[in-house]
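Below you can see the structure in the form of structure tokens.
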């Protein structure tokens, strides 16, 4: 089985399970077991998905006794938001350019 190796947040969010994990972590920090209880995947699968999200800079973890608690990384999420806003502004600027183009009137 191939291991996912990515440092890009958009690639990491391409998987529906990882998007579900991000949605859960947006509510509150959680341990792997808590995430596995909410998702239709095993604990090892959740751990693998968390590794991809961590490598992409979207989540961080902290030791809490014998377990690790995961939370969203505000800097990583902000970077994605900045990229999305850049795409959105470019699209709006392009749309505005098209709308403002002079049109040829036919007689």
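Residue numbers (this note's numbering): 173 to 279.
C-beta: ideal position from N, C-alpha, C; glycine also.
- Annotation for residue 213: no alpha helix (DSSP H) segment contains it, and DSSP assigns it neither H nor E.
- Within the same chain, Cβ atoms closer than 6 Å to the Cβ of residue 234 are found at 241, the five residues on either side in sequence being excluded.
- A distance below 7 Å between beta-carbons, with the five flanking residues on each side excluded, links residue 207 to the following residues of its chain, in chain order: 193, 196 and 218.
- Between residue 215 and residue 204, the gap from beta carbon to beta carbon is short of 9 Å.
- In the structure shown, residue 185 falls within a coil segment according to DSSP collapsed to helix, strand and coil.
- About 7 Å separates the CB atoms of residue 181 and residue 229; that is less than 8 Å, so the two are in contact.
- CA-CA distance, residue 259 to residue 250, rounds to 14 Å.
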